[in-house]
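Below is one structure, written out as structure tokens; the observations come after it.
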Amino acid sequence: MASDLHVAVATALRRDRQRYTRGRRTIIEILGVAERPLTLPEILERDGGLAQSSVYRNLSVLERAGAVHRVVTSDEHARYELAEGFAEHHHHLICVACGSVEDFLTPPRIEQMLDRAMTEIGRETGFDPSHHRLDMVGICGDCA
0 MASDLHVAVA
10 TALRRDRQRY
20 TRGRRTIIEI
30 LGVAERPLTL
40 PEILERDGGL
50 AQSSVYRNLS
60 VLERAGAVHR
70 VVTSDEHARY
80 ELAEGFAEHH
90 HHLICVACGS
100 VEDFLTPPRI
110 EQMLDRAMTE
120 IGRETGFDPS
130 HHRLDMVGIC
140 GDCA
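Residue numbers (numbering that gives the first Met the number 0): 0 to 143.
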């Protein structure tokens with residue numbers, strides 16, 4: 000796990016007047032190597048020493064500090080991942096049947112098109128966009 004990630008998370012937490020505890024560090028390490036957003040039970044499975052109530056509270060603190068992003072789906076579990084700026088820019092495929100979430104990358108020309116569309120929408124609505132997230136919602140291959 001890159002030490003600069005830990006420095007960046009510690010800085011974000013300090014801005015929110017929070018400490019970078021061992022439990023929070025463990026969560027960041029788990030999310031940092033995950034290939035997709037993880038549910039709370041999946042995070043707990045990856046480190047048996049974590050307590051559910053502690054992970055839930057720490058995810059909330061990390062989310063408030065801007066280090067973790069919560070992805071809400073159609074099933075009972077939210078999923079968590081490193082927030083934009085702490086991880087590579089990507090988008091999500093969200094299945095409405097099973098609630099699974101998979102990351103996907105778009106080619107640079109598609110990202111440029113999305114940025115132009117955001118700028119145009121911002122101009123038309125008076126909204127000043129800072130970045131975008133794209134969630135494609137539908138049925139995954141396993142559920143189809």
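All residues carry an ideal CB built from backbone N, CA and C; glycine is no exception. Quick caveat: nothing in here was measured; it's all calculated off a predicted structure.
- Take the alpha-carbon of Arg-132 and the one of His-90: they are about 6 Å apart.
- Cβ-Cβ separation between Val-70 and Arg-23: approximately 19 Å, too far for a contact (criterion under 8 Å).
- Taking the Cβ atoms as the reference, Leu-92 lies roughly 12 Å from Cys-142, outside the contact range of under 8 Å.
- For Ala-64 against Arg-14, the beta-carbon gap comes to about 7 Å, under 8 Å, which counts as contact.
- Counting only the Cα atoms, Arg-35 lies some 14 Å from Glu-83.
- Rounded to whole angstroms, the gap between the alpha carbons of Val-136 and Glu-110 is 18 Å.
- Excluding residues up to 5 positions away in sequence, His-90 lie with their Cβ nearer than 7 Å to the Cβ of Thr-105 in the same chain.
- Per the coordinates, the alpha-carbon of Ser-52 lies some 38 Å from the alpha-carbon of Phe-126.
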